[in-house]
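Quick note on UniProt numbering: the sequence shown kicks off at 1 and runs consecutively.
Every residue gets a Cβ at the ideal spot worked out from N, C-alpha and C, and that includes glycine.
Take a look at the structure below.
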Amino acid sequence: MLDLLAVRLAELRDDVGKVKRVADLAESRHSRLDGIRGIRKEIRDGLLDARGLILDYRRGADAPELEVLGDLDALLIDLDRKVDQAGVMLDQLNGSMIRLMNIDTLSVRCDAISTEVDRVEAESRAGTMDRAAAWAAVDELIDTTARRLFADYVDLLGGLTLRDTGLDDRVSELTDRLLEELAAPLRSVPARPAELVGAQSVGDLVMLWFPEWTIWDVPLFGHEAGLAWGHTSQLARGLLGESPTPERRGLAADAYAAYALGPAYACAVLLLRMRPRSASDMDRAYVILEVLRATSGDGMAAAVIQEVADCWRGAVTQRGADPEPGRRAELDAFVAEALGTLRNIGVFPGFDSMQWAKEAAGPHAAIGQGTGGEATARGRLNAAWAARLMLSDPHDADAVHQIAEAARALPWPRKTGPARERQSGRPGQAPYGKR
């Protein structure tokens, strides 16, 4: 006799297996690329050794073969150049394939569901689980755990399509560049509104929750980089303590983002995200603004910060709340400790008044004049927000759109390798949740 419970369990096992097969295939592709990169390194090392031997031989020889050795050395130099080109192509291919996820994350979720399916099926057959309990377990798997897995899987594939086709207005590229500048090993993928999918990021991917697919929202991802730093850095552990609360982790991430991104972070998070009547958001806003005031000096950066602070303070007052935090002394102590810690980071300079002049002043002038000097992600984000806030009518939608387009059109500087953090190395992969 056909057993509907057995049918549902078998169908669920098959559906989860489809997701796992794709995850395993994606990982195998990257493993093969890693193998090719290893072979390339061996070839390059061999070429360098051969050229060294030729150089040593030519120093001690005076025979006619010197001319032949010279030709051979030129050939090896050309081969070395081609191997370098192959390395660039491999890096580009790896970037375009993007590790679809922390594959382990998706695979582990698939394995956990499959294990639960096996358990329910075995206990149901053995009679140690009654039918009502078995049906309840199946409903839980299908309606919650598996549904979230399938939603993440489909969103991921759709987001990768948007990235590859540029239909996200290249916001993913800008976010990736920003995260690279901060040496955060994260990649961004467009996704549905967060409230529809539970706002969970997948492995080392950061979700660009719709409608945050604009240049104005990109600074928000400084917070994600701050969370990564907080989970992996020895410096951050000193700031966070032994058992940090989620609130302290969040404040540390805000301080990190403000220090790393400058006024652009305050513009994005205070003007687009925070609620002016939330006590926790008011504490966050205070920390962000105080970090920026301590690093901005005078000039355009300070003017932008003051404009944002005034706007935020006015909104808090309009909502009937006190713009001054109730625990100001505690927050001031945290800001002082955070700044003392953040100034020891060596993977990038903090975005202070000096960096504003170096990275944002030129792009700001270029946006206004319609010309194109190269700009880092931090520079163009700060330049764009400054240009927007300095408009005679900062609510002019057409003018705001023109600024965004001009900032996106600025050329990128040539990439260079990041320095190392003085005490803890690069931020590493960590779990992320809702910002």
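Item	Value
Around the Cβ of Pro411, are there at least 16 other Cβ atoms within 10 angstroms (buried) or fewer (exposed)?	exposed
Where does Ser188 fall in DSSP's three states?	strand
Just curious, the alpha helix (DSSP H) that Met390 is in, first and last residue?	It is not in any alpha helix (DSSP H) - Met390 carries neither H nor E in the DSSP assignment.
Which same chain residues end up closer than 7 Å to Gly230 when comparing Cβ atoms and leaving out the 5 residues on each side of it in sequence?	Ala236, Leu240, Arg249, Ala252, Ala253
Going by C-alpha to C-alpha distance, which of Ile215, Trp216, Val206 sits closest to Glu224?	Val206
Give the DSSP-derived three-state secondary structure of Val16 in the structure shown.	helix
So Leu47 packs on Leu79, CB below 8 Å; how close in whole Å?	6 Å
Leu270: which of Thr295, Val83, Asp310 sits nearest, CA to CA?	Asp310
Report, in whole angstroms, the separation of the C-beta atoms of Pro363 and Arg380, which I expect to be a contact under 8 Å.	5 Å
Mind checking Pro427: buried by the 16 CB within 10 Å criterion, or exposed?	Annotation note: pLDDT 37 at Pro427 (below 50); position unreliable, no value reported.
Taking just the CA atoms, how far does Met1 sit from Arg131?	16 Å
What does DSSP give as the partner residues of Val83 in its beta bridges?	DSSP, once it has assigned bridges, lists no residue as partnering Val83.
What do you reckon, are the CB atoms on Val117 and Leu5 nearer than 9 Å?	no
Hey, out of Met390, Ala409, Gly262, whose CA is closest to Trp356's CA?	Gly262
Give the DSSP-derived three-state secondary structure of Leu47 in the structure shown.	helix
Work out the CA separation of Cys267 and Lys358 for me, nearest whole Å.	20 Å
Would you decide whether Glu42 is buried or exposed? Buried here means 16 or more other CB atoms lie within 10 Å of its CB.	exposed
Just checking my contact of Leu106 with Ala191 at CB under 8 Å: how many whole Å lie between their CB atoms?	15 Å between Cβ atoms; not a contact.
Do you know whose CA, among Arg408, Gly127, Ala387, lies nearest Ala399's CA?	Ala387
If you compare alpha carbons, which of Asp45, Arg119, Asp298, Asp3 is closest to Val83?	Asp45
Can you give the Cα-Cα distance for Leu178 and Thr376, rounded to whole angstroms?	8 Å
Do Thr145 and Ala112 have their C-beta atoms closer together than 9 Å?	yes
Can you list, in chain order, the residues of its chain with a C-beta nearer than 7 Å to that of Asp176? Leave out the 5 residues immediately preceding and following it.	Arg187, Ser188
How would you write the range of the alpha helix (DSSP H) that Val218 sits in, first residue to last?	Val218 -> no alpha helix (DSSP H), and no H or E assigned at all.
Can you list the alpha helix (DSSP H) stretches of 4 or more residues lying completely in the segment 208-270, in chain order?	222-232, 234-240, 246-261
For the alpha helix (DSSP H) that contains Ala126, what are its first and last residues?	103-126
What's the gap between the Cα of Tyr265 and the Cα of Leu220?	6 Å
Using three-state DSSP, classify Val206 as helix, strand or coil.	strand
Spatial neighbours of Gly238 within its chain, please: CB distance less than 7 Å, with the 5 preceding and 5 following residues excluded, ordered by chain position.	Thr341
Three or more beta-carbon pairs under 8 Å between the segment 281-297 and the segment 327-342, yes or no?	yes
Going by DSSP, what residue range makes up the alpha helix (DSSP H) through Ser296?	279-296
Can you list, in chain order, the residues of its chain whose CB lies under 7 Å from that of Val171, leaving out five sequence neighbours each side?	Leu208, Trp213, Thr214, Ile215, Val218
Between which two residues does the alpha helix (DSSP H) carrying Trp135 extend?	131-140
Buried or exposed for Thr245, going by 16 or more other Cβ atoms inside 10 Å?	exposed
So, for Ala276: in the same chain, excluding its five sequence neighbours on each side, which residues have a beta-carbon less than 6 Å away from its beta-carbon?	The amino acid occupying residue 276 in the given sequence is Pro; Ala does not appear at that position. Cβ within range, chain order: Ala315, Val316, Arg319.
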